[in-house]
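> My questions will all concern the structure given below.
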Amino acid sequence: MKAQSKDNPVLKTFSLSSLPVFPGIYSIKNTQTGFIYIGQSKNIIQRLRAHRSMLERETHQNKKMTEDCKIYGIHSFEVSILLEGIEYESNDLRLSLEKEYIKKFPIEKLYNTDRCVENNSFFGKIHTPELKKRFTEERTNIPNYELGRGICIPSFTSRKGNISPGGSFLSLAEASRVTNMSRRDLRKRLNDPTFPDWRELTPKEQEDLKKQRQQQGHA
1 MKAQSKDNPV
11 LKTFSLSSLP
21 VFPGIYSIKN
31 TQTGFIYIGQ
41 SKNIIQRLRA
51 HRSMLERETH
61 QNKKMTEDCK
71 IYGIHSFEVS
81 ILLEGIEYES
91 NDLRLSLEKE
101 YIKKFPIEKL
111 YNTDRCVENN
121 SFFGKIHTPE
131 LKKRFTEERT
141 NIPNYELGRG
151 ICIPSFTSRK
161 GNISPGGSFL
171 SLAEASRVTN
181 MSRRDLRKRL
191 NDPTFPDWRE
201 LTPKEQEDLK
211 KQRQQQGHA
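Written out as structure tokens, the structure reads:
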């Protein structure tokens, strides 16, 4: 992986020590395919460490990024710091800015399409208890084995301080495998009003995600 920043246009090797500890917005671009990932974090260096580690171990939840890493190698990815500084400490501000940057790129060239972005008007918005209730009502009378308890969650920091990128998952079991959070703890956050961005997928979102996985050959 290579890194770009305002002070260091291009580094020949990816050096985590050269990247900011500040919060901000970043991008990860594959120089061979042109695909790009836009992300945000309160600690950019820690987030990028997590991305690199998961890509190298082939455990990254973004299947397209993992495939490209296997084909072209980790050094085919180029990191750019788009915004960084203490003025971006607000998570809501970063989510809003992340969404604006995502809009600047054609959807067919984004790795972000599995992060509740594509065809989802709720991306980056705060989900009130009323909205969560509506999502629940939409799923009433549908068997759990059909729903698979699909969920959409933002990125978060575990109790051990590890960064887990968020995304959409077809089941609690899948989310637990990817994030290393127990299904019990996942349920707690889904039902906790202090975590408004953690929610279950609607039936339509669940079906769309299943179709997307089938098209990608990962169903």
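Numbering-wise, full-length UniProt numbering puts 30 at position 30 of the sequence shown, and it's gapless, one number per residue. Beta carbons are placed, not taken as given, at the ideal position from N, Cα and C, and that holds for glycine. Because the structure is a prediction, the values reported are computed rather than measured.
Can you list, in chain order, the residues of its chain whose CB lies under 8 Å from that of GLY150, leaving out five sequence neighbours each side?
Within the same chain, GLY150 has close Cβ partners SER168, PHE169, LEU170, SER171, GLU200, LEU201, GLU205, GLN206, LEU209.
> Hey, quick one: how far does the alpha helix (DSSP H) through VAL178 stretch, first residue to last?
Run containing VAL178: 172-179, per the alpha helix (DSSP H) assignment.
> Cβ atoms of ILE107 and PHE77: under 8 Å apart, would you say?
Cβ distance not < 8 Å, so PHE77 and ILE107 don't count as in contact.
> The beta strand (DSSP E) that contains ILE151, what's its start and end?
Its beta strand (DSSP E) spans residues 151-153.
> Rounded to the nearest angstrom, how far is the Cβ of ILE36 from that of GLU98, given a contact under 8 Å?
The pair is not a contact, with the Cβ atoms about 13 Å apart (cut-off 8 Å).
> Counting along the chain, where does the alpha helix (DSSP H) carrying LEU81 start and finish?
Before going further, note that residue 81 is Ile rather than Leu in the sequence given. From DSSP, ILE81 is part of no alpha helix (DSSP H) but of the beta strand (DSSP E) over 77-84.
> Would you call the stretch 159-166 and the stretch 43-59 in contact, with 3 or more CB pairs under 8 Å?
Contact holds: three or more Cβ-Cβ distances are below 8 Å.
> Taking the alpha-carbon of GLN40 as reference, which of ARG183, ILE102, GLN212 has the nearest alpha-carbon?
Closest by alpha carbon: ILE102.
> Take the Cβ of ALA173 as the centre, count every other Cβ of all protein chains shown within 10 Å, and call the residue buried at 16 or more, exposed below.
Its Cβ having fewer than 16 others within 10 Å, ALA173 is exposed.
> For GLN216, which of THR66, ARG187, GLY85, PHE195 has the nearest alpha-carbon?
Residue THR66 is the option with its Cα nearest to GLN216.
> Is ILE38 buried or exposed, if buried means 16 or more other CB atoms sit within 10 Å of its CB?
So ILE38 counts as buried.
> Does the distance from the C-beta atom of PHE22 to that of GLY85 stay below 8 Å?
Going by C-beta atoms, PHE22 is nearer than 8 Å to GLY85.
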